[in-house]
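What follows is a set of notes on a single structure, which appears directly below.
Chains as they are written, first to last, in my numbering: chain A, 1 to 266; chain B, 267 to 629.
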């Protein structure tokens with residue numbers, strides 16, 4: 001019994017170590033005073049300071065946030081609509097196709113999604129002259145495409161769990177269909193939408209592969225910037241930047257989890 | 267008076283499945299009408315068509331002289347209490363109850379007054395600001411009732427109103443529901459699978475099966491004078507003996523029933539012919555068990571053996587085996603207090619009933 005629990009604890013410790021030591025070491029070295037990224041030279045926050053003086057980093061961060069917020073919002077609107085259609089419109093013609101298409105970006109390799117979107121944008125440009133330049137708009141569209149899938153799934157499952165007679169009761173009491181959506185449906189699926197938004201936001205902020213495919217000259221997102229810097233060797237300010245991203249993403253995921261858990265209780 | 271609600275040839279098909287099949291019905295103002303049937307008999311679909319939540323395939327519904335067949339649910343003078351109660355989880359009791367009035371654009375002060383009134387009626391005044399998840403099952407049921415009543419609908423539809431409550435609470439709530447209905451004079455249509463509930467609540471009952479009404483009548487009528495085998499078996503228990511008609515008189519028929527090994531007499535209200543196969547049916551509580559042969563020659567009298575017995579406190583159930591192996595169920599009141607049993611397993615007994623108690627079943 002005791003030997004067994006010790007074994008389990010050891011396995012657990014190794015598991016956590018495997019998952020979190022790389023992350024912890026990034027955070028640890030971000031406070032390194034030394035210019036050499038892997039040699040400890042005492043505690044310092046100078047790399048954080050240096051980061052905020054680096055215009056390239058700030059530009060990339062600004063672009064990434066702009067894309068993340070826009071695409072998360074678009075994905076939440078479109079994803080909620082698809083989730084609604086999938087959960088509430090019964091068996092209509094093309095339902096299987098729609099549900100397959102909505103969820104396909106989740107299982108499709110990112111390289112394929114990126115490549116196909118790039119091809120789409122290039123041919124669109126040749127056909128109708130838009131998008132003239134790849135950058136903010138194309139990356140936002142690409143991110144909306146794959147984030148939408150997650151929002152649709154979350155909203156759909158929330159709607160399926162929700163008692164349909166709530167909406168019927170509201171209608172029976174004199175609520176017109178559109179009013180019922182605002183009075184009953186939206187307040188009840190709001191937690192799912194918020195969770196979906198937060199998830200989309202973090203997904204967009206993380207993405208390197210798809211953004212690399214569909215971005216153009218002059219539009220570098222934060223992950224792209226980091227990746228290009230690392231190719232020349234790990235510099236300590238990148239550690240600082242990575243630590244900030246870890247913090248932001250952790251908070252986003254934790255919030256999404258909290259919101260879903262709270263909504264599940266109701 | 268009788269045709270306050272008038273349903274004519276109402277049908278609902280889901281693909282090939284016929285949920286409700288050409289139903290005709292008239293319900294009077296102020297009635298407490300029950301639709302009774304097993305699951306899948308079409309009773310809920312019928313109720314949903316009255317609420318406007320399902321569109322009928324054919325037929326029409328009129329309420330108080332107005333055709334509402336194609337009217338949207340939010341325009342109908344009808345409200346519904348849902349089986350799940352469907353209480354809005356993000357609104358407190360007062361906001362739930364006042365929802366219908368808010369959608370009608372009633373003024374704030376008026377809403378508050380009427381919410382207070384109706385909450386007092388259902389005895390929930392002190393729960394006004396509670397959230398639904400802080401309420402018990404019985405309280406939620408009353409919130410749902412208050413919310414459906416507050417708009418003073420011409421008709422209130424109740425879908426299994428008591429099914430989610432435990433037995434004791436259900437009995438109490440039954441009477442509360444009847445009092446409220448009496449007080450407000452609103453026509454109630456209750457859908458239920460519980461025959462006891464339907465019997466105690468209703469002025470009239472429609473027994474439904476396979477999308478059709480098998481019988482419509484007062485609780486007494488459907489229990490004492492069932493028109494067919496389904497109704498006879500669905501409401502309470504009944505012993506049915508299959509037989510062939512031998513004699514037809516003005517108000518009485520005789521049929522030879524092989525299962526009983528006797529010629530049975532029944533008061534027949536239906537038209538039957540000699541040679542027709544019918545069922546002669548008797549309720550368990552109409553049968554008398556005795557050790558001696560009763561002397562009344564008018565009665566039907568058959569000999570049997572006690573095959574099984576059950577003591578239920580207020581009454582005892584007996585399963586009597588006839589000479590040909592047929593089991594007859596008998597229920598008798600335990601009038602006298604006694605420790606010893608009046609009958610034991612294997613006792614030879616006589617069962618008897620008057621011709622007046624037997625029912626003729628045609629189909």
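C-beta: ideal position from N, C-alpha, C; glycine also.
Rounded to whole angstroms, the Cβ separation of residue 293 of chain B and residue 270 of chain B is 6 Å, and the two are in contact under 8 Å. Residue 504 of chain B counts as buried, since no fewer than 16 other beta carbons sit within 10 angstroms of its beta carbon. DSSP places residue 597 of chain B in the strand class (E or B) of the three-state scheme. For residue 347 of chain B, the enclosing beta strand (DSSP E) covers residues 344-347.
Around the beta-carbon of residue 197 of chain A, 16 or more other beta-carbon atoms lie within 10 Å, marking it buried. The residue from A:176, A:68, A:239 with its alpha-carbon nearest to that of residue 211 of chain A is A:68. Any Cβ of chain B closer than 8 Å to the Cβ of residue 179 of chain A would place that residue at the interface, and such an atom is present.
In the structure shown, residue 364 of chain B adopts helical secondary structure according to DSSP, grouped into three states.
DSSP places residue 229 of chain A within a helical segment (H, G or I) once states are collapsed to three. When the beta-carbon positions are compared, residue 192 of chain A and residue 251 of chain A stay at least 8 Å from each other.
Within chain A, the C-beta atoms nearer than 9 Å to that of residue 354 of chain B come from 166, 169, 170, 183, 184, 187, 188, in chain order.
With the rule of 3 Cβ pairs closer than 8 Å, the stretch 343-351 of chain B counts as touching the stretch 412-423 of chain B.
By the 16-neighbour rule on beta-carbons within 10 angstroms, residue 562 of chain B is exposed. Comparing alpha carbon positions, the residue from A:217, A:139, A:84, A:73 closest to residue 116 of chain A is A:139.
Residue 183 of chain A sits close to residue 175 of chain A, with the two beta carbons spaced by under 8 Å.
Within chain A, the residues placing a beta-carbon under 7 Å from that of residue 339 of chain B are 171, 172, ordered along the chain.
For the stretch 270-287 of chain B, there are no residues whose beta carbon sits under 8 Å from a beta carbon of chain A. According to the DSSP assignment, residue 340 of chain B belongs to no alpha helix (DSSP H), since it is labelled neither H nor E. The alpha carbon of residue 587 of chain B has as its nearest neighbour, out of B:614, B:581, B:440, the alpha carbon of B:614.
Linking residue 5 of chain A to residue 22 of chain A through their CA atoms gives a straight-line distance of about 26 Å. Nearest to residue 570 of chain B by C-alpha distance, out of B:341, B:580, B:612, B:607, is B:612. Per DSSP, the unbroken alpha helix (DSSP H) holding residue 102 of chain A starts and ends at 95-107. Within chain A, the residues 163, 165 have their CB atoms less than 8 Å from the CB of residue 350 of chain B, given in chain order. Here residue 447 of chain B is buried, its C-beta having at least 16 other C-beta atoms within 10 Å. Closer than 8 Å to the CB of residue 547 of chain B there is not a single CB belonging to chain A. Judged by DSSP secondary structure, residue 584 of chain B falls within the beta strand (DSSP E) whose first and last residues are 581-588.
Taking 8 Å as the threshold, the shortest C-beta distance from residue 175 of chain A to chain B falls below it.
Taking 8 Å as the CB threshold, residue 369 of chain B lines the interface with chain A.
Here residue 433 of chain B is exposed: its Cβ has fewer than 16 other Cβ atoms, across all protein chains shown, within 10 Å. Inter-residue distance for residue 289 of chain B and residue 478 of chain B is about 6 Å (C-alpha atoms, whole angstroms). Each residue's CA atom was taken as its position, placing residue 285 of chain B and residue 596 of chain B some 36 Å apart. Taking each of B:378, B:415, B:416, B:437 in turn and checking the Cα distance to residue 404 of chain B, the smallest one comes out for B:437. Assigned with DSSP and collapsed to three states, residue 494 of chain B falls in coil, not helix or strand. Separation of the CB atoms of residue 86 of chain A and residue 152 of chain A is rounded to 7 Å, and the pair is thereby assigned contact status at 8 Å. According to DSSP, residue 150 of chain A shares a beta bridge with no other residue. The C-beta of residue 358 of chain B comes no closer than 8 Å to any C-beta of chain A.
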